[in-house]
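Engineer: Converting from the sequence shown to our numbering requires adding 8 to each position, the first position being numbered 1.
Glycine included, every Cβ here is placed at the ideal spot set by N, Cα and C.
Model, not experiment: these values are computed from the prediction.
Here's a structure for you.
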Amino acid sequence: NDLWEDHEIVQVRRDGTEEKIIAEDSDFFDYQIGRRFGHPLVSPDGSKILFRSHRNNWINYWCVSADGGDAPEPIYEEEYDQSAESGSMTAGEASWSPDSRYVAHVSNYDGNVQLRVTSVATGESIVVAAEDEGVVTHPAWSPDGRRIAFTYQDFLCPPDVWVATLCDKDGNLEVESTEQLTSSIADRLARKLNRPEKTKFESFDGLEISAYIYRPADAGEEPGPAILEVHGGPVDQFRDTMHPVVQYYVQRGYTVMMCNVRGSAGYGKDFEEGISNGWGVDDLRDLVEGARYLVRRGIADPDRIGITGQSYGGFLSMAATCFAPAGVFQASISRTGYADWSYYYRTGGQRTVKLLRHSMGPLEDDEDKYHRSAPNRHAQRAVMPVFIVDQKTPATEPKPGLRKEFARSLGAANKPVKYRKYASTGGPYANSESGANELLPDMMKFFDTHLKRA
């Protein structure tokens, strides 16, 4: 529908006649413009249709007969998302086996995206790959139904192509072998990368927040400087994948924490909608508790903690500048963040406006909710130095970010601020010449000035 929340699966003849609704789904906001709800997947024998639904609080695959004569049923109901579509990645659709007996799909276990094969008839399910670590995407069956090709990535390696061979043993499906077909990273480089610790901590209201913590190889027993890296979205998630920019920070002596704060994908609809009382409110409080958790563990020096992020993460970094309790963070870098969501609501792209309406409601119904957490309206409350990173855009495009305006507001309030516009920030991993060769060194210089001082 127009709100991108309700969906219908419709069967129609090729000549456009005899339209028939096969299944309906409601209250499943599709920020990915179709990719999150996905496409209806018809079984090879034409008897069943598979689709994603949020109806049990988790994104699970549900099955319905192709004639629409029965109620949809989950193929393998679990309290994990059978999906990883979000702002930074796609896991691809599930895949029917050629004989229509099995479905290969992913299950997102706290950022560990496993490959599973589920029997449609019995609901029995086995893990095929990434049982403990890593991320699988885009499973596809071979024509003979014996093998599944997929991509696999983890903390030390970008996506590679793998193949799993299956066998039927005494009527049960088992994994006979797995084989890696491509290799995308040199061993000598992988050995230089750091594997994080996965952990959880309680936030201010008792909600459990998952996080990754990277430590420098030479980290001693004394607490040192730390950076909280914040993901975009807000409907996004840190997963068991490579994070080159984080590795860049760690190799320069910083402990890095990456939190999947409320509002993130991958933890159910209720968790995702936990920021409906305002963006930059409770999710920012989660980040504050994350910083305090590092201090309690003796990992971070409480006087040397920074925060940074891209896009929505850039907004939360701005919000921390103005709304975090004084002394929790000592420096902030906002990479292409957003200083006023009410302005974006009026001038921004359709995708984010739909998300704002879904998450916080129409602007005209509660304008104060939008204004309460708008950094540009509260620059006088800034409690730390901030580096505002902007990106060049065509003159004809609207400027929903208000980044320069926020920098000016901070300057007018006599707050320490740095502003610079780059040709390209290259997205969250600075995968552009301007981002890698200019932005990252500038960021390190800024953090070193404020977090590595004597």
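To the nearest angstrom, how far is it from the Cα of residue 409 to the Cα of residue 352?
Structural biologist: 7 Å
Engineer: With distances taken from CA atoms, which of 105, 98, 70 and 43 is nearest residue 7?
Structural biologist: Given that the chain is displayed from residue 9 to residue 462, the structure contains no residue 7 and the question cannot be resolved.
Engineer: Going by the beta-carbon positions, is the gap between residue 279 and residue 266 smaller than 8 Å?
Structural biologist: no
Engineer: Contact defined as beta carbons within less than 8 Å: I believe residue 40 pairs with residue 101. What is the distance between those atoms, to the nearest angstrom?
Structural biologist: Their Cβ separation, rounded to whole angstroms, is 12 Å, which puts residue 40 and residue 101 out of contact at 8 Å.
Engineer: If you draw a straight line from the alpha carbon of residue 319 to that of residue 291, how long is it in whole angstroms?
Structural biologist: 15 Å
Engineer: Report the option in 231, 236, 384 and 412 whose CA atom is closest to the CA atom of residue 396.
Structural biologist: Considering only 231, 236, 384 and 412, the residue with the shortest C-alpha distance to residue 396 is 412.
Engineer: Can you tell me where the beta strand (DSSP E) with residue 55 in it begins and where it stops?
Structural biologist: Secondary structure note for residue 55: it is in no beta strand (DSSP E), with a DSSP letter that is neither H nor E.
Engineer: Check the DSSP bridge columns for residue 429 and list the partner residues they point to.
Structural biologist: 398
Engineer: In chain order, what residues of the same chain lie with their CB nearer than 6 Å to the CB of residue 332, ignoring the 5 residues before and after it?
Structural biologist: 296
Engineer: Which residues in the same chain have their Cβ closer than 6 Å to the Cβ of residue 223, if we skip the five residues on either side of it in sequence?
Structural biologist: 263
Engineer: Could you check what DSSP says for residue 374 in three-state terms: helix, strand or coil?
Structural biologist: In the structure shown, residue 374 sits in coil (DSSP, three-state: anything other than H, G, I, E or B).
Engineer: Could you tell me which of 313, 144, 145 and 71 sits nearest to residue 127, measuring between CA atoms?
Structural biologist: 71
Engineer: If we ignore side chains and look at the alpha-carbon of each, how far apart do residue 88 and residue 13 end up?
Structural biologist: Taking the straight line from one Cα to the other gives about 20 Å.
Engineer: Quick check on this structure: which residue in 444, 425 and 426 has the alpha carbon closest to the alpha carbon of residue 434?
Structural biologist: 444
Engineer: When we look at the beta-carbon of residue 20 and count the other beta-carbons within 10 Å, is it buried (16 or more) or exposed?
Structural biologist: exposed
Engineer: Return the bridge partner residues of residue 284 from the DSSP annotation.
Structural biologist: According to DSSP, which records beta bridges pairwise, residue 284 is partnered with nothing at all.
Engineer: Does DSSP put residue 61 in a helix, a strand or coil?
Structural biologist: strand
Engineer: Please state the DSSP three-state secondary structure of residue 467.
Structural biologist: A question about residue 467 goes unanswered here, because the residues of the chain that appear run from 9 up to 462.
Engineer: Please list, in chain order, all residues of the same chain as residue 383 whose beta carbon is under 7 Å from its beta carbon, the five residues on each side excluded.
Structural biologist: 326, 327, 329, 330, 347 and 414
Engineer: Which two residues bound the contiguous alpha helix (DSSP H) that contains residue 367?
Structural biologist: 358-368
Engineer: Can you look up residue 346 in the DSSP assignment and give me helix, strand or coil?
Structural biologist: Coil at residue 346, not helix or strand.
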